[in-house]
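Read the structure below first, then the notes.
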Amino acid sequence: MFFIFDKIVFSMAAMRFLSATIEFTAAILMLHFNKVETAFKINAVLAMVGPTVLIIVTTLGLVGLAGKVSFPGMAAIMLGVTLIFLGINKL
Numbered sequence: 004m005f006f007i008f009d010k011i012v013f014s015m016a017a018m019r020f021l022s023a024t025i026e027f028t029a030a031i032l033m034l035h036f037n038k039v040e041t042a043f044k045i046n047a048v049l050a051m052v053g054p055t056v057l058i059i060v061t062t063l064g065l066v067g068l069a070g071k072v073s074f075p076g077m078a079a080i081m082l083g084v085t086l087i088f089l090g091i092n093k094l
């Protein structure tokens with residue numbers, strides 16, 4: 004007996020699993036190398052992974068909502084996402 008997932012939801016979850024795997028691997032590497040300098044470099048790479056995954060998952064969510072949400076609702080969602088990124092870049 005198999006449960007069929009929505010393709011968009013499955014893709015969003017898969018991206019989050021991939022992100023978690025990358026984060027977990029980075030933590031293991033930090034412990035393996037056991038040097039602050041190396042851990043700092045690994046952490047810098049992770050700083051690029053997080054926002055990229057957020058953008059991809061948000062885009063997938065917006066694609067999934069495209070036919071279900073009215074135009075003003077979609078505009079409000081897109082404005083909210085834009086404000087999140089503006090807030091992150093201003094800090």
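Numbering (the working numbering), first residue to last: 4 to 94. Glycine residues also receive a C-beta, built at the ideal position from the N, C-alpha and C atoms.
{"Check": "Along the chain, where does the alpha helix (DSSP H) that runs through S22 open and close?", "Outcome": "K10 to F36"}
{"Check": "With DSSP collapsed to three states, give me the class of F6.", "Outcome": "coil"}
{"Check": "Can you tell me which of the three DSSP states V52 falls into?", "Outcome": "helix"}
{"Check": "Are M81 and L63 closer than 9 Å when you measure CB to CB?", "Outcome": "no"}
{"Check": "Tell me the rounded alpha-carbon separation between F6 and S14.", "Outcome": "15 Å"}
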